[in-house]
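Numbering (my numbering), first residue to last: 4 to 478.
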């Protein structure tokens, strides 16, 4: 088989290809070892010429790791060959009429094929994959990342974060490997309550419902100051640190970034609140949410009284401990002096905000009680006791963990969801255009409202005010 471009080895050809991919320069591509020009094949008789794409197609199927991967790679190489021969004959290196976006895509794809060819002899094959696909080094995969056909840029790694002032979001996340690190023990519940109340107070976040299970949590919240991301950043990071210290472990605590799913209409708000409060029943662990030993907003809805979270301020603790007048005070007294208390109340759903507190909480209790009864009728398996839930070890994980795709939004009819999808598309387009200007060094760049510009921590159009001090103590 002829080596593409007349290079002496695939490493040299791959190097020139990677450089062309990074620079997006067609001249580098054309001049680096004549990759697109027909070259005499090594060992060919009578100076027979073979183009690189034809040489790739001549590779024996065994070199493509076998299975369906061989057919897919050969088929794609054939499509590239047709495209190149139509718009850019290999015999004439210049001029080229193919657009920059198409060329960049061709660079990346051919580089990937060359990398696979270069490494086929030394690759180990995974026993867990039926097709035995070759493992490509991460550095190579990043270097030849496929550009977006629409924007000519790399794909966005995560869904773009944005917030709206009057929108309620369902927030959720789960622990690494879904281990039971949030097992509802008394000390864990106290840590969660203290941090949740503290950062909801600091960032003025309205919480409508919440439930913390053994390996994940759900929360219904809104931030009119557009500081929901700051609230989740501090809450999740501090919770991970404290639970890790409690469990005597280190490393990653959360499995992924938290998800914030928009709730579209009033009916969906009630449905998500009912789902969150009754999550122990939805998971098949309890008959009623009041039986759940973990932290849940059911207690607030039922009693109508706010919970109080306690957090020990370590800075205050050490400052008081260094004072000479506190030399003979006990550890418990010093901790009491440094303890900050934050009330945690449940906000009212917008459609029921005109109800008084008692009527509102009674409506929530009736809705959740009815939903728990419906779930109990459908259940066919016996339920574990609360003590059996606590007997599980925190480093265990479910045998059959649940996995489901993240929905675009909650509620709404087909037209509303389609309109929201279109608005998201326009938002992402606007952010891409703004980030492109910012990368070019332009000083005045306007990012879409509700998004976070690079290097900033506050949203565009959001408030920058943060309540640093705890609420005043009441006698």
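Where is the CB? At the ideal position from N, CA and C, for every residue including glycine. Quick caveat: nothing in here was measured; it's all calculated off a predicted structure.
- Going by C-alpha positions, residue 360 is about 50 Å away from residue 439.
- Segment contact: the segment 186-203 against the segment 384-399, three or more CB-CB distances shorter than 8 Å; contact assigned.
- The three-state reading of DSSP puts residue 331 in coil, since its state is none of H, G, I, E or B.
- If you keep only unbroken beta strand (DSSP E) runs of at least 3 residues inside the segment 255-283, you get 262-266.
- Counting of Cβ neighbours within 10 angstroms places residue 434 among the buried residues, the total reaching 16 or more.
- Only residues of its own chain outside the window of five on either side were considered, and among them 453 have a CB closer than 7 Å to the CB of residue 167, listed in chain order.
- For the segment 218-249, the full-length beta strand (DSSP E) segments reaching 3 residues or more read 219-225 along the chain.
- Nearest to residue 460 by C-alpha distance, out of 401, 326, 232, is 232.
- In this structure, residue 386 lies away from residue 187, with their beta-carbon atoms at least 8 Å apart.
- Pairing residue 172 with residue 266 gives a Cβ-Cβ distance under 8 Å.
- For the segment 335-398, the continuous beta strand (DSSP E) assignments of 3+ residues that do not extend past its boundaries occur at 342-347, in sequence order.
- Each residue's CA atom was taken as its position, placing residue 323 and residue 413 some 49 Å apart.
- One alpha carbon belongs to residue 176, the other to residue 259, and they sit about 7 Å apart.
- Burial state of residue 230 is buried, judged by a 10 Å Cβ sphere holding 16 or more other Cβ atoms.
- Contact between residue 163 and residue 430 holds, with the beta-carbon distance rounding to 7 Å and staying under 8 Å.
- Collapsing the DSSP output to three states places residue 407 in coil.
- Per DSSP, the continuous beta strand (DSSP E) segment holding residue 175 begins and ends at 172-177.
- If you ignore the 5 residues before and after residue 292, its C-beta comes within less than 7 Å of the C-beta of 280, 281, 283, 284, 299, 301, 371, 375, all in its own chain and listed in chain order.
- Annotated three-state conformation of residue 464 is coil, per DSSP.
- The beta carbon of residue 237 sits closer than 6 Å to those of 202, all from its chain and outside the five residues before and after it, given in chain order.
- Taken atom to atom, the span from the alpha-carbon of residue 244 to that of residue 272 is near 32 Å.
- Within its own chain, the residues whose Cβ lies closer than 8 Å to the Cβ of residue 170, once the five positions on either side in sequence are excluded, are 225, 265, 266, listed in chain order.
- Around the beta carbon of residue 357, fewer than 16 other beta carbons lie within 10 angstroms, which makes this residue exposed.
- Per DSSP, the continuous beta strand (DSSP E) segment holding residue 312 begins and ends at 310-315.
- For residue 214, the enclosing beta strand (DSSP E) covers residues 209-215.
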